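A.B. asks: This structure is in structure tokens; I'll ask about it shortly.
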Amino acid sequence: MTAPLFSAAAQRAPESTRAPLGVSETMGPLPNDHRFRWMGLGATVGAALAFGYHHASDRGERAGQCGAWDCALPYLSISGALTGLFLSRELAAQRRALAPRAGDALSFNAARLKLPAEAFALTVLDSLVFAATDSGVQVVTAAPRPAALQRRGGGLSLIRQVAVNGRDSTLLIGTGTALWQTPITAGRLSRLLPGAVDALAANEDIILVAEGQRLQIRHLRDGQPRVDTVVAPSNVSAAHYDATAKRWWVATDSALYEVMIPPAGSSASPVLAARTATGTRVSSISSGNNWIAAAVGTEGVIIWPRGNLAAQPTGVQQAPWRLKGEPRFAFDLAFMGDDLFVAGGVDGVTRIRLSPSPTILGASRQVAYATSIVARNGVLWVGDRSGSGLVRLVP
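Here it is, written out as structure tokens:
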């Protein structure tokens, strides 16, 4: 069952009422390239070569040819200076490409762990980190020096998602064919729900699984597990449980929805209620104390004040903030207090301060290609596609 598309509150706060928050697309001036230093170094090398040529060659052999001082010295010095100039420009261009387009270059306390394959989905429970890879779900200690423990679901293929049910310490693994469950430390795999898993979220007795437009909600009714199905208007691409407000969110290629799940013992069925338009596909959803954010790929990040997305909003509604340009592609995001951290591929991890208003603080390039991120207990865990690593960052 689906509620009417977009509440009146969402319509009262159109996104067009606020200018996009972003960065300039122009390249801007080169950073300090020390061009004169490099030109002087090149000219010095050229002069040294001319001086060496003068002393190493026989004077008779030079007769009638290019002399060391009147020919070789000017030629080599000028060539060396030009080479130094081009080298300085190239190095400056490389530094500019690596520098954040907004904010400062940030550096965090970092530790890296090599994984058997790329970690494209992450979750954390207590002192353990779970990284979904093509080789299974790697269990890692959430310690200052992370260490790999056992691997769960090593026989599964097409692994896409991972989540943890903390109440009974069950690991949920979403693949291209089914949703599987297994004890965290040891035990056998069992199939929980059939069908490909495009998005997954879990909390206590509720598991939310998306396959295309079909949304399956597994929850308890009269003490027995029950699966309800809701059909979304288009394919579901992301799911998230908001622990602060105890609400469930899913997103499609055009909108953000709240999944309203009735309490245990109720005879009502879950309802999908549209809250706001996104205008593009959402790859990840995250929630903080006062904000809800979505990663939307090349369109960057959309950030809503929490009050905007309430079922019955009160007071003046703020338009959402749209951040585009830094990073250039938003894969995933995670909140830590009033700061939002975005996994931005080659742009590393971008830090955005949301209070009192969204401000880009900068980006850390300590992760070469950040594709997934999760925050817990003041620590960021980031999946690095470059070198198949898991990086622990402490801002």
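Quick note: the numbering used here has the sequence shown finishing at residue 395, numbered continuously throughout. Note that the Cβ used here is the ideal one computed from N, Cα and C, for glycine as well. Quick caveat: nothing in here was measured; it's all calculated off a predicted structure.
Comparing alpha-carbon positions, which option in I360, P144, I207 lies nearest L171?
C.D. replies: Ranking I360, P144, I207 by Cα distance to L171 puts I207 first.
A.B. asks: So, using beta-carbon positions, are P327 and T359 closer together than 8 Å?
C.D. replies: In this structure, T359 does not lie closer than 8 Å to P327 by Cβ.
A.B. asks: Could you tell me the boundaries of the beta strand (DSSP E) in which F341 lies?
C.D. replies: 339-343 is the span of the beta strand (DSSP E), which, as asked, contains F341.
A.B. asks: Taking just the CA atoms, how far does L189 sit from S157?
C.D. replies: Near 13 Å, if we compare the C-alpha coordinates of L189 and S157.
A.B. asks: Give the single residue among G265, V342, S234 whose Cα lies nearest to the Cα of L400.
C.D. replies: The structure shown does not extend to residue 400, since the chain is modelled only from 1 to 395, so the question has no answer here.
A.B. asks: Give every residue of the same chain whose Cβ lies closer than 8 Å to the Cβ of R112, excluding the five residues on either side of it in the sequence, and list them in chain order.
C.D. replies: Cβ neighbours of R112 beyond the five flanking positions: D384, G389, L390, V391, R392.
A.B. asks: Check each candidate in E258, R226, P194, T252 and name the one with the smallest Cα separation from K246.
C.D. replies: Residue E258 is the option with its Cα nearest to K246.
A.B. asks: Specify the secondary structure class of G307 as computed by DSSP and reduced to three states.
C.D. replies: Three-state DSSP puts G307 in a helix.
A.B. asks: Return the chain-ordered list of same chain residues with a C-beta closer than 7 Å to the C-beta of G154, the five sequence neighbours on each side being excluded.
C.D. replies: S135, G136.
A.B. asks: Would you report the Cα separation of A178 and G103, rounded to the nearest angstrom?
C.D. replies: When rounded, the distance between both Cα atoms is 43 Å.
A.B. asks: What would DSSP say about T123, mapped onto helix, strand or coil?
C.D. replies: Here T123 sits in strand by DSSP.
A.B. asks: Roughly how many angstroms separate the alpha carbons of R376 and A143, rounded to a whole number?
C.D. replies: Taking the straight line joining both Cα atoms gives about 12 Å.
A.B. asks: Quick one: what does DSSP say T185 is sitting in, helix, strand or coil?
C.D. replies: Coil, per DSSP.
A.B. asks: Specify, as a first and last residue, the run of the beta strand (DSSP E) that G389 falls within.
C.D. replies: Unbroken beta strand (DSSP E) run through G389: 389-394.
A.B. asks: Between A290 and the rest of its own chain, which residues show a CB-CB distance below 6 Å, the 5 nearest in sequence each way excluded?
C.D. replies: It should be noted that the sequence gives Asn, not Ala, for residue 290. Excluding positions up to five away in sequence, the list reads R306.
A.B. asks: Terminal residues of the continuous beta strand (DSSP E) containing S284?
C.D. replies: From DSSP, the beta strand (DSSP E) with S284 extends over 284-287.
A.B. asks: Given that a residue counts as buried once 16 or more other Cβ atoms are within 10 Å of its Cβ, and exposed if not, what is R152?
C.D. replies: Buried, because 16 or more other Cβ atoms sit within 10 Å of the Cβ of R152.
A.B. asks: Exposed or buried, which one is G288 when buried takes at least 16 other CB atoms within 10 Å?
C.D. replies: Flag for G288 reads buried.
A.B. asks: Can you tell me where the beta strand (DSSP E) with N203 in it begins and where it stops?
C.D. replies: Run containing N203: 199-203, per the beta strand (DSSP E) assignment.
A.B. asks: Which value, in whole angstroms, describes the spacing of the CA atoms of P262 and K114?
C.D. replies: Whole-angstrom Cα-Cα distance: 43 Å.
A.B. asks: Using CA coordinates, which residue listed in A201, S386, V394 is at the minimum distance from S284?
C.D. replies: Of the candidates A201, S386, V394, the one whose C-alpha sits nearest the C-alpha of S284 is A201.
A.B. asks: Quick one: what's got a C-beta closer than 6 Å to N165's C-beta in the same chain, skipping five residues either side?
C.D. replies: Cβ within range, chain order: A202.
A.B. asks: Taking only three categories from DSSP, how would you classify T278?
C.D. replies: Of the three classes helix, strand and coil, the one that applies to T278 here is coil, per DSSP.
A.B. asks: First and last residue of the beta strand (DSSP E) that includes Q161?
C.D. replies: Run containing Q161: 159-165, per the beta strand (DSSP E) assignment.
A.B. asks: Quick one: grab the DSSP three-state call for L30.
C.D. replies: Low confidence applies to L30: its pLDDT is 42, below 50, so where it sits in the model is not reliable, and the reading given next is rough at best. It is coil, neither helix nor strand.
A.B. asks: Residues in the same chain with beta-carbon distance under 7 Å from A110, minus the five sequence neighbours each way, listed in chain order, please.
C.D. replies: Here the set comprises Q366, V391, R392, L393.
A.B. asks: Is T252 helix, strand or coil by DSSP?
C.D. replies: Of the three classes helix, strand and coil, the one that applies to T252 here is coil, per DSSP.
A.B. asks: Tell me whether D168 is buried or exposed, calling it buried when 16 or more other Cβ atoms sit within 10 Å of its Cβ.
C.D. replies: Exposed: under 16 other Cβ atoms inside 10 Å.
A.B. asks: By the three-class DSSP mapping on this structure, what secondary structure does T371 have?
C.D. replies: Strand.
A.B. asks: Pick helix, strand or coil for T83, following the three-state DSSP scheme.
C.D. replies: Reduced to three states, the DSSP call for T83 is helix.
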